[in-house]
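Undergrad: Numbering (this note's numbering), first residue to last: 1116 to 1305. Heads up, the beta-carbon is just placed ideally off N, CA and C, and yes, glycines get one too.
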Amino acid sequence: MDLQGKLVIFSAPSGSGKTTLVHRILERGLNLEFSISATTRSKRPHEVDGKDYYFLSVEDFKKKIQEDAFLEWEEVYENQFYGTLRSEIQRIWNQGRHVIFDIDVAGGVNLKRQFGDRAMALFIKAPSMDVLAQRLSSRGTENEESLKKRLAKAALEMESAQHFDQIIVNDDLETAVNQTYDLLNVFLES
Ligand code: ADP
Ligand code: 5GP
1116 MDLQGKLVIF
1126 SAPSGSGKTT
1136 LVHRILERGL
1146 NLEFSISATT
1156 RSKRPHEVDG
1166 KDYYFLSVED
1176 FKKKIQEDAF
1186 LEWEEVYENQ
1196 FYGTLRSEIQ
1206 RIWNQGRHVI
1216 FDIDVAGGVN
1226 LKRQFGDRAM
1236 ALFIKAPSMD
1246 VLAQRLSSRG
1256 TENEESLKKR
1266 LAKAALEMES
1276 AQHFDQIIVN
1286 DDLETAVNQT
1296 YDLLNVFLES
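Spelled out as structure tokens, the structure:
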């Protein structure tokens, strides 16, 4: 394993725009590759297995937990498991690339604890809870119940922002992309 590989962690309450930011950063040509997580949630229409996520059954996911195949995993929502496979990170480091993560707040704190200065942990924040609620509903991926669940979780997750290296307020997208790019450029060159 290439032990020089770094980790760039994007965490945020759902709907803050971290997936959008990660995709925009990946277009900018830094030496970064996306860590494809495993999950038990069902695939959204535009998603591709093996590209956005490795979609697993709950049974297969639990088997991998037993085998210690995960660097970290969380039951992000009831019966919806998400996790980072050790093999995925190894695959990316072996290519001489750094890893970029889109993971939940607890997972981000966990990885930062494990990797210290080799990791830059960014907390992405919507400008307010109202804007967060609007973005989640206009994304069109949530029903009333899952929207409520995500908003309740978001309020708790805000309290963990202090454990991150930087907080990015995602108000104007272009500003947030540029600010993030500049931070990562410095971190990856150091
Ligand atoms: P997350 O990955 O944090 O759950 P997404 O990237 O899916 O969030 O963003 C949630 C929704 O908000 C999406 O519909 C996205 O297009 C939109 N969005 C993201 N960033 C902004 C922004 N700066 N201004 C307005 N809408 C945004
Ligand atoms: P979504 O269902 O919207 O794709 O993701 C829900 C949440 O799970 C998001 O906060 C996302 O970042 C998080 N997530 C995705 N992959 C992982 C992972 O490997 N580990 C953890 N802990 N969270 C993840």
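1) Pick helix, strand or coil for E1187, following the three-state DSSP scheme.
2) Closest to S1152 by C-alpha separation, out of G1144, R1143 and E1162, would be which residue?
3) Whether or not the region 1284 to 1301 and the region 1126 to 1144 are in contact is what I'm after, with contact meaning three or more pairs of Cβ atoms, one per stretch, closer than 8 angstroms; do they touch?
4) Tell me the DSSP secondary structure of T1135 in three-state form.
5) If we count the other Cβ atoms within 10 Å of its Cβ and call it buried at 16 or more, is R1143 buried or exposed?
6) Quick check: what's the CA-CA separation for E1148 versus R1212?
7) Within the continuous alpha helix (DSSP H) that includes Q1195, where are the two ends?
8) Mind checking which residues open and close the beta strand (DSSP E) that includes D1164?
9) Within 7 angstroms: the Cβ of N1293 and any heavy atom of ligand 1?
10) Just how far apart, CA to CA, sit A1236 and S1131?
11) Quick one: using the 10 Å Cβ neighbour count with 16 as the cut-off for buried, is K1178 buried or exposed?
TA: On the basis of the data shown:
1) Residue numbering aside, residue 1187 sits at position 72 when the sequence shown is read from its first letter. E1187: strand per DSSP, three-state reduction.
2) What you label residue 1152 is simply residue 37 of the sequence shown in a count that begins at 1. The option with the nearest alpha carbon to S1152 is E1162.
3) Counting C-beta pairs with one atom in each stretch, the region 1126 to 1144 and the region 1284 to 1301 have three or more that are closer than 8 angstroms, which means they touch.
4) Indexing the sequence shown from 1 puts residue 1135 at position 20. Of the three classes helix, strand and coil, the one that applies to T1135 here is helix, per DSSP.
5) On the sequence shown, position 28 is the one that residue 1143 refers to. Counting Cβ neighbours within 10 Å, R1143 comes out exposed, since fewer than 16 surround it.
6) Mapped onto the sequence shown, residue 1148 falls at position 33. Mapped onto the sequence shown, residue 1212 falls at position 97. Taking the straight line joining both Cα atoms gives about 7 angstroms.
7) Residue numbering aside, residue 1195 sits at position 80 when the sequence shown is read from its first letter. Judged by DSSP secondary structure, Q1195 falls outside any alpha helix (DSSP H) and instead within the beta strand (DSSP E) spanning Q1195 to L1200.
8) Locating residue 1164 in the sequence shown gives position 49, where the first residue counts as 1. Per DSSP, D1164 lies in no beta strand (DSSP E) segment and is marked neither H nor E.
9) By one-based count along the sequence shown, residue 1293 stands at place 178. N1293 Cβ: outside cutoff for every heavy atom of ligand 1.
10) Working through the sequence shown from its first residue, we reach residue 1236 at position 121. Working through the sequence shown from its first residue, we reach residue 1131 at position 16. Their backbone Cα atoms lie some 15 angstroms apart in a straight line.
11) Indexing the sequence shown from 1 puts residue 1178 at position 63. It is exposed - the Cβ of K1178 has fewer than 16 other Cβ atoms within 10 Å.
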